[in-house]
Amino acid sequence: MRGGGDKSKAYLVSFGDTRLGISICRFKQQAETLGVFDNVFIYTEASLPLDFVKDFESKFYTYKNGIKTPTRGFGYWSWKPKVILMALEQINFGDYLIYCDIGFEFNAKAKSDLQRVFKDIQEQELLGVITQHKERCWNKADLLAHFNLLEDESFLDSGQVAAGALFMKKCEKTLKIIEEWLAYFYHSYPLIDDSPSKIPNLKEFKENRHDQSIWSILNKRYKLKNYDYADFFNQSRCLLYNRNKIYLPVIVEETKALNEAIRGVSRYSFQWDLQAYQKNLEEYVEGIYRDKVECLEFKANFGVAIGRVHNHLAYKLGQALILNSKSLWGYIRMPYVLSYIKDKHKQEQKEYQEKIKKNPSLKFPKLESYADYKEALREKQCLTYKLGAAFIRAYKNFWRGGLLKFYFFDVSRFRKEFLAKKK
């Protein structure tokens with residue numbers, strides 16, 4: 027594909043938070059169908075290093091009426107330079123990496139178009155895509171002043187460089203620029219978020235563009251080459267900036283389990299009940315988007331108790347046990363996955379207790395007070411929950427052979443019960 031004796035490998039990277047499980051599957055399937063990339067890296071919040079999550083968790087989530095929900099851009103897109111650096115760590119110097127937002131689509135008929143892109147990457151090392159939207163409209167004054175650009179008419183009248191797609195070769199230059207981009211999230215976050223500017227904004231100001239504002243400034247400071255937005259993203263090209271994103275409900279506790287199951291479809295080949303799973307998934311998604319008003323009422327008045335049940339350790343462990351039992355690799359890594367889930371759950375509970383200690387109004391109401399309390403009780407009788415609860419009991423009694431009993435007796439019993447109910 028690269029041609030001309032170019033032996034560099036090509037990779038693609040993107041990120042999707044908990045709400046975008048369906049889009050992740052669509053993106054990965056389309057990208058792999060091209061047959062162009064040696065690997066496709068798709069990161070989620072579960073993929074981010076724990077130290078990074080610790081530094082930015084207060085920016086990833088907010089609590090509304092005691093319910094944990096993702097913030098805009100999942101932390102104003104602070105993860106973007108991080109996941110790019112994570113992907114660069116996985117490849118060799120001289121290899122190519124393309125970052126695309128998860129909403130991108132791929133035109134397989136025009137995949138040869140990427141040959142030109144790889145040639146440009148080889149020559150330029152790092153490229154972006156420039157828009158016709160003027161910088162003076164999309165940067166708050168504090169940010170412009172920080173970079174001494176508040177009165178730079180040449181810069182202010184230039185088009186802003188988009189952050190939805192980046193094209194790069196792994197080299198010292200690329201690493202330096204992406205690391206500098208990430209550093210601004212650590213040390214100058216108020217320049218990036220939606221907090222009001224202390225300096226009066228320009229009269230043309232519309233909105234700060236967060237990660238894109240910083241990327242555009244760095245792009246121009248280092249005098250990088252850029253593709254023209256209108257030419258590069260037309261429908262005849264391989265990369266289609268269609269913003270094809272399907273968002274599941276924003277309540278983290280409601281969507282986490284379903285999202286993991288969706289991601290599991292792309293990782294594993296289900297050997298049982300796949301058709302029923304797909305049918306249930308389609309019905310779930312159709313139900314969410316059939317009526318937006320009903321959807322909002324549902325999230326406000328219904329489904330929350332079930333979400334609370336899904337956030338129980340038993341449900342999380344049961345879900346992981348099911349997903350990781352579909353392949354040999356899953357069995358090998360299962361102890362590490364279960365240990366991580368247990369530790370993460372413990373940390374989340376600790377943080378929750380600290381939050382309600384500071385602000386008692388954030389405390390969840392009793393489960394009995396929710397409209398779907400009875401449905402939540404039934405959810406605790408599902409295979410996923412029972413499997414996780416049995417594992418917890420077995421782990422507490424491992425010295426009495428509890429784990430052996432779990433693997434050789436409980437799992438088989440629960441599976442038979444589940445299949446019997448499905449008939």
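Under the numbering used here, the first residue of the sequence shown carries the number 27, and numbering increases by one thereafter.
The C-beta atom is built at its ideal place from N, Cα and C for all residues, glycine as well.
Source: prediction; values computed, not measured.
- Comparing C-alpha distances from TYR87 to each of MET112, SER73, TYR102, ASP77 shows the shortest one belongs to TYR102.
- Around ILE203, the same chain offers LEU152, LEU244, TYR248 as residues with beta carbons nearer than 7 Å, after the five sequence neighbours per side are excluded.
- Secondary structure note for TYR215: it is in no alpha helix (DSSP H), with a DSSP letter that is neither H nor E.
- Assignment of SER351 by DSSP, reduced to helix, strand and coil, places it in the coil class.
- Scanning GLY120, GLY190, PRO361 for the CA closest to the CA of GLU131 turns up GLY190.
- Beta-bridge partners assigned by DSSP to TYR69: PHE41.
- Here LYS376 is exposed: its Cβ has fewer than 16 other Cβ atoms, across all protein chains shown, within 10 Å.
- Per DSSP, reduced to three states, the secondary structure at ILE117 is coil, with no helix or strand assignment.
- Between the alpha carbons of ILE124 and HIS172 lies a gap of roughly 29 Å.
- Residue environment: SER180 is assigned as exposed (fewer than 16 neighbouring CB atoms within 10 Å of its CB, all protein chains considered).
- At the C-beta level, SER73 and ILE128 stay beyond 8 Å of one another.
- Put simply, of LEU201, LYS384, LEU343, LYS383 the residue whose alpha carbon is nearest the alpha carbon of ALA420 is LEU343.
- Straight-line spacing of the CA atoms in TRP207 and LEU217 works out to 12 Å.
- The DSSP-derived three-state label of TYR255 is helix.
- Three or more beta-carbon pairs separated by less than 8 Å link the segment 250-258 to the segment 148-163, which places the two stretches in contact.
- PHE132 sits in a strand when the DSSP states are folded into three classes.
- Annotated as proximal: TYR37 and ILE117, with beta-carbon spacing under 8 Å.
- For ALA189, the uninterrupted beta strand (DSSP E) segment begins and ends at 185-195.
- With contacts defined as CB atoms closer than 8 Å, ARG162 and LEU228 qualify as a contacting pair.
- Annotation for TYR122: the continuous beta strand (DSSP E) segment containing it runs 122-126.
- The bridge partners DSSP lists for GLY344 come to none.
- Contact annotation: ILE382 and LYS389 have beta-carbon atoms nearer than 8 Å.
- In this model, THR97 and LYS135 are separated by some 37 Å (Cα to Cα).
- For the set GLU380, ASP43, ASP219, ILE348, the Cα lying nearest the Cα of ILE240 is the one of ASP219.
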